[in-house]
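In my numbering, the protein residues as written are 2 to 136.
All C-beta atoms, glycine included, are put in the ideal place defined by N, C-alpha and C.
Scroll down for the structure; my scribbles are underneath it.
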Amino acid sequence: MEPVALGIVLRVEVRGWTGPAPHLPHEPMRIDEGREDLRTFIYDFSPKDPTLSVPDACLRIASKLERVLAPERTPFTEPHHAARCTLEFGVLADRERESFSYSWPLEFLGVLADAGIELNVSHYLPTDNEEDGEA
């Protein structure tokens with residue numbers, strides 16, 4: 002099994018945001034309220050195709066992120082909002098393989114860098130029982 006994109010979530014932390022949550026391009030799936038006027042908007046960017054390879058998912062996500070968070074388009078332009086963006090990327094890979102690999106397309110990395118988005122990656126290596134639904 003080639004490593005596939007299991008789930009992709011964008012977390013945007015802001016301070017002092019008083020209006021409704023921005024649509025990026027949809028409304029957030031969840032909003033967390035924190036201390037000191039901190040709000041975290043959580044957006045689901047997971048691919049609909051459960052077999053989408055990591056590089057293919059990256060290219061699809063890059064175009065979406067570029068449309069909504071490029072420096073000239075981001076709704077988080079006010080300095081007092083102090084936005085911190087993190088893309089949480091889940092990768093499903095085959096535990097039975099001795100090793101696995103995938104590549105991050107340059108276009109994807111460029112969009113993340115231009116928009117100031119951090120990348121966190123979690124790898125999920127299911128056991129035989131988990132793959133069969135017996136977990």
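Three-state secondary structure assigned by DSSP to residue i
i: D57; result: helix
i: G8; result: strand
i: S64; result: helix
i: H27; result: coil
i: L70; result: helix
i: T19; result: coil
i: A136; result: Interpretation of A136 is limited by its pLDDT of 42, a score under 50 that renders its predicted location unreliable; no figure is taken from the coordinates.
Buried or exposed by the 16-neighbour rule on C-beta atoms within 10 Å, applied to residue i
i: S32; result: A small fix is needed here, since residue 32 is Ile in this sequence, not Ser. The residue in question, I32, is exposed, as its Cβ has fewer than 16 Cβ neighbours within 10 Å.
i: A71; result: exposed
i: E99; result: exposed
i: R12; result: buried
i: P29; result: buried
i: E97; result: exposed
i: L110; result: exposed
N- and C-terminal bounds of the beta strand (DSSP E) containing residue i
i: F90; result: R85 to L93
i: L110; result: Careful: L110 lies outside any beta strand (DSSP E), inside the alpha helix (DSSP H) at L107 to A116.
i: T41; result: L39 to D45
i: D50; result: Run containing D50: none; DSSP gives neither H nor E here.
i: R31; result: R31 to E34
Nearest-angstrom Cα separation, counted from residue j out to residue i
i: V92; j: C59; result: 11 Å
i: S42; j: C86; result: A small correction: the amino acid at residue 42 is Phe; Ser does not occupy that position in the sequence shown. Their backbone Cα atoms lie some 10 Å apart in a straight line.
i: P1; j: V112; result: Examination of residue 1 is not possible in this model, given that the chain is present from 2 through 136 alone.
i: V55; j: Y44; result: 19 Å
i: T128; j: S102; result: 18 Å
i: E14; j: H124; result: 24 Å
i: F90; j: P4; result: 12 Å
i: L88; j: T19; result: 23 Å
i: E73; j: A6; result: 28 Å
i: I9; j: H24; result: 16 Å
i: F77; j: D95; result: 39 Å
Proximity test, Cβ basis, 8 Å: residue i and chain C
i: K65; result: No chain C appears in this structure, which consists of one protein chain only.
Can you confirm whether the segment 119 to 127 touches the segment 43 to 51 when touching is taken to mean that 3 or more C-beta pairs between the two stretches lie within less than 8 Å?
With the cut-off at 8 Å, the segment 43 to 51 and the segment 119 to 127 do not touch.
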